[in-house]
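>
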Amino acid sequence: MGFKSSQRIAAIENLKENDFDVVIIGAGITGAGIALQTAASGLRTAIIDMQDFAEGTSSRSTKLVHGGIRYLKTFDVDVVADTVSERARVQHVAPHIPRPAHMLMPLYDDAEATFTPMSAEIAMEIYDKLAEVPADSPFVHRLLSAEEARDYLPMLDHKGLVGLAIYLDYQNNDARLTIENIKQAVHDGAVAVSHLKATAVVADGDGKKISVEDTFTKELFDIKGKVVINAAGPWHDTITKIADEETKDTIRPTKGVHLVINQDRLPVPNTVYFDSGFHDGRMIFVIPRANKTYFGTTDTDYTGDYLHPKVEQVDVDYLLATINNHFPKAHITIDDVQASWAGLRPLIGGAGDYNGNTTKKTASDESLHELGANIDKYFNNEIERQEIDDQLKQLTSGDKSASSVSRGFQIKVENGIVNVSGGKLTDYRLMASETLTALTEIFADKFATDITPVDSTTYPVSGGHFDFQNVDAELEKYAEMLEEYDVNEVKAKEIANLYGSNTPQIIEYIKTGVSAPKLSVAETSMLHYAIDKEFVLRPIDYFLRRTNYLLFKSEDLDRLETPVINEMAKILDWSDETKQAMTEEYTRLRDEAQLRALKKETE
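Residue numbers (our numbering): 9 to 611.
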């Protein structure tokens, strides 16, 4: 079955009529990654979500595949080692999505600062070794002096500035990564349907029966599967409750907010990463992207509506104060904000932070230097890993575990349900792989079935089927192919970067020459592809999660909104009432993203 929006009814019939090996509840990046691996491993896979794919947490991140260098300061070497290893694997399987970039970390003469120049230099050396950054790489770390830092970032606050650390990190498109995983899973036989809400999970012979509600039609029906996977992110505890499990609440959601402005209001050459300046333990990112600059995040505990977290005035005030303190010449106000988003991180409950660090520790420059020297010896095969672990134990006065808990996620099997909780986007493939390991044991023990897990470290997502070692050259080839069909250079590069090895499918649409009213052939082709192949059902799906126009190309919205909605209504055969409802929903969500109500309150 193709992945076409108009085939949703057929997909639902498939869910009703067939039994599945695995039913995944939650189609964010974790569920999507699991679906890719289970389908590729030959398991009959169904994946559902009560919203659009990636509509929850997985389209609301900082949009980085982040290395977490600051955890070296607290001796969480396992966290950083896992993270940079996973980052490399994600870039391997989805080469058109995570892209390498420099991370800039200003260093200040502040007793509360995360790093001094010396500790930053040592941490970056360790980080480059863990990430296997070649010495001749353009992304090998550098440490600039205070004077060089002022020249490099002239808008930055220079008071107390003692240096600038520069090292490798990766920018990401979170929603695209999610949808490309799901598309690959569907290509391999999975059935994926959005807007199906699980309402109950009960025993059904040796397996499970999942009762669901179609949130569009209100139809109720059941899906049968041998094993259920709870990958519901912030809704993890909701699923354990409807499954009547003994598992206690595990999720402590925190809200993160990001604001988008024009790049000329805050021009930075690369991502800038710094302490908030309020001594609250938060780190702030300032990231250039597509002629915009966005910044965040807030990380505050959240108890509101999980379905619809909003950007509030207190969030805006905090971020603007932080940005204007660090860039005193910028004078950014709420009127500069063109777009925003708020998302929930599904942290595992209790103390600790998003990367699993649960103990407040202090590392001196000397102890970091000693750790770095031993890691050098380890990479030179002069000592065993145990010596590093023993040193870490001594430094932290306790055990340093490499368990999944220390990495910020948990996988627990209870009564035929695999509960996957916590985690971060960078670890999605690893979480899926460990989930597949648990499934392999379940199927062997309970169903006498052997599973041969796919090697997910080399299995590409949809759009990632090209040479990951020559990404720029490969994407340039796709862009040149588009230009042969009269797509201008800028649009050609945009399409190639969005769709990777699926670009030839876009070209097939372009070849037809079909142009919707007030849309170019290329724009029409992108929209038709999104409807046919990417399960777009609503205007907000297209403008926000498939193209990011709402966030990073807001200047095009006035021209595109009405033609796109008209074409969607035509292709999807909407009634007048449906078209009006879809338009109203999109307008409301667009206005919220653009903070129109908050801006009126400040007039």
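Glycine included, C-beta positions come from ideal geometry on N, C-alpha and C.
Report back the beta-carbon spacing between residue 182 and residue 69 to the nearest angstrom; my notes put them in contact at under 8 Å.
Right, their Cβ atoms sit about 5 Å apart.
> State the start and end residues of the unbroken beta strand (DSSP E) segment that holds residue 71.
Element bounds for residue 71: n/a, residue is neither H nor E.
> Note down the Cα distance separating residue 22 from residue 185, rounded to an integer number of angstroms.
Using only the alpha carbons, I get a separation of about 26 Å.
> Using the C-alpha atoms, what's the distance from residue 495 back to residue 290?
Rounded to the nearest angstrom, the two C-alpha atoms are 43 Å apart.
> Might you give, ordered along the chain, the residues of its own chain that have their beta carbon closer than 7 Å to the beta carbon of residue 410, omitting 5 neighbours on each side?
Residue placement at residue 410 is flagged as unreliable, the pLDDT there being 32, under the threshold of 50; a coordinate-derived value is accordingly withheld.
> In three-state terms, what does DSSP make of residue 583?
Residue 583 falls in the coil class under three-state DSSP.
> Below 8 Å CB to CB, which residues in the same chain sit around residue 446 once its five sequence neighbours on both sides are set aside?
For residue 446, where only same-chain residues beyond five positions count, the Cβ hits under 8 Å are 419, 421, 426.
> Contact between the region 323-330 and the region 206-224: three or more CB pairs below 8 Å?
Because the criterion of three Cβ pairs below 8 Å is not met, the region 323-330 and the region 206-224 do not touch.
> Helix, strand or coil for residue 52, going by three-state DSSP, please let me know.
Coil at residue 52, not helix or strand.
> Using the three-state DSSP reduction, which class does residue 328 fall into: helix, strand or coil?
Here residue 328 sits in helix by DSSP.
> Around the Cβ of residue 333, are there at least 16 other Cβ atoms within 10 angstroms (buried) or fewer (exposed)?
Classification for residue 333: exposed.
> Given this structure, state the Cα-to-Cα distance separating residue 351 from residue 390, to the nearest angstrom.
Cα to Cα, residue 351 sits roughly 45 Å from residue 390.
> Rounding to the nearest angstrom, what Cα-Cα distance links residue 131 and residue 123 in this structure?
Distance between the alpha carbons of residue 131 and residue 123: 9 Å.
> Give the range of the beta strand (DSSP E) segment to which residue 283 is assigned.
Residues 279-283.
> Taking the beta carbon of residue 498 as the centre, do at least 16 other beta carbons fall within 10 Å, making it buried, or is it exposed?
Classification of residue 498: exposed, given that the 10 Å Cβ count is below 16.
> Buried or exposed: which applies to residue 20, given that a residue is buried once 16 or more other Cβ atoms fall within 10 Å of its Cβ?
Looking at its Cβ environment, which holds 16 or more other Cβ atoms inside 10 Å, residue 20 is buried.
> Which residue from 340, 395, 491 puts its Cα closest to that of residue 271?
Selected option, being the one with the closest Cα: 340.
> Could you check where the beta strand (DSSP E) with residue 192 kicks off and where it finishes?
That residue, residue 192, is in no beta strand (DSSP E); its alpha helix (DSSP H) goes 182-195.
> Please identify the residue among 52, 91, 99, 104 whose C-alpha is closest to the C-alpha of residue 485.
For residue 485, the nearest C-alpha among the options comes from 104.
> Below 8 Å on the Cβ atoms is my guess for residue 193 versus residue 467; work out the distance and round it to an integer in Å.
With 8 Å as the limit, residue 193 and residue 467 do not qualify as a contact, their Cβ atoms being about 11 Å apart.
> Secondary structure at residue 415, three-state DSSP: helix, strand or coil?
In this prediction, residue 415 scores a pLDDT of 47, lower than 50, which makes its location untrustworthy; the coordinate-derived value is nonetheless stated afterwards. Of the three classes helix, strand and coil, the one that applies to residue 415 here is coil, per DSSP.
> Which value, in whole angstroms, describes the spacing of the CA atoms of residue 18 and residue 564?
Residue 18 and residue 564: Cα-Cα distance of roughly 35 Å.
> Buried or exposed: residue 293, going by 16 or more other Cβ atoms within 10 Å of its Cβ?
Result: buried.
> Can you name, in chain order, every residue of its own chain whose Cβ lies under 6 Å from the Cβ of residue 251, other than the five neighbours on each side?
Hits under 6 Å: 209, 425.
> Does the contact criterion of 3 or more C-beta pairs under 8 Å hold for the region 303-318 versus the region 216-231?
Not touching, per the Cβ criterion.
> If you draw a straight line from the alpha carbon of residue 357 to that of residue 44, how long is it in whole angstroms?
Rounded to the nearest angstrom, the two C-alpha atoms are 28 Å apart.
> By how many angstroms is the C-alpha of residue 161 removed from the C-alpha of residue 275?
About 9 Å.
> Please check the pair residue 430 and residue 354, which I expect to be a contact at CB under 8 Å, by giving their CB distance rounded to whole angstroms.
Right, the Cβ-Cβ distance comes to about 6 Å (below 8 Å), so this counts as a contact.
> Give, in chain order, every unbroken run of the alpha helix (DSSP H) that is at least 4 residues long and sits entirely within the region 508-592.
Counting only runs of 4 or more, we get 511-519, 529-541, 557-560, 565-579.
> What is the residue span of the beta strand (DSSP E) that residue 172 lies within?
Start and end: 169-179.
> From residue 568 to residue 311, what does the alpha carbon distance come to, in whole angstroms?
Rounded to the nearest angstrom, the two C-alpha atoms are 36 Å apart.
> Among the candidates 523, 570, 395, whose CA atom is the shortest distance from the CA of residue 547?
It is 570 whose Cα lies nearest to the Cα of residue 547.
> Which same chain residues, not among the five before or five after residue 522, have their C-beta less than 8 Å away from its C-beta?
Excluding residues within five positions, the ones whose Cβ falls inside 8 Å are 529, 532, 533, 536.
> Decide if residue 604 is buried, meaning its Cβ has at least 16 other Cβ atoms within 10 Å, or exposed.
The residue in question, residue 604, is exposed, as its Cβ has fewer than 16 Cβ neighbours within 10 Å.
> At a cut of 8 Å, does the region 443-460 reach the region 476-484 through at least three beta carbon pairs?
The region 443-460, when compared against the region 476-484, does not touch it at the 8 Å Cβ threshold.
> Determine, using beta-carbon pairs with one atom in the region 293-302 and one in the region 237-248, whether at least three such pairs fall under 8 Å.
Counting Cβ pairs under 8 Å, fewer than three are found: no touch.
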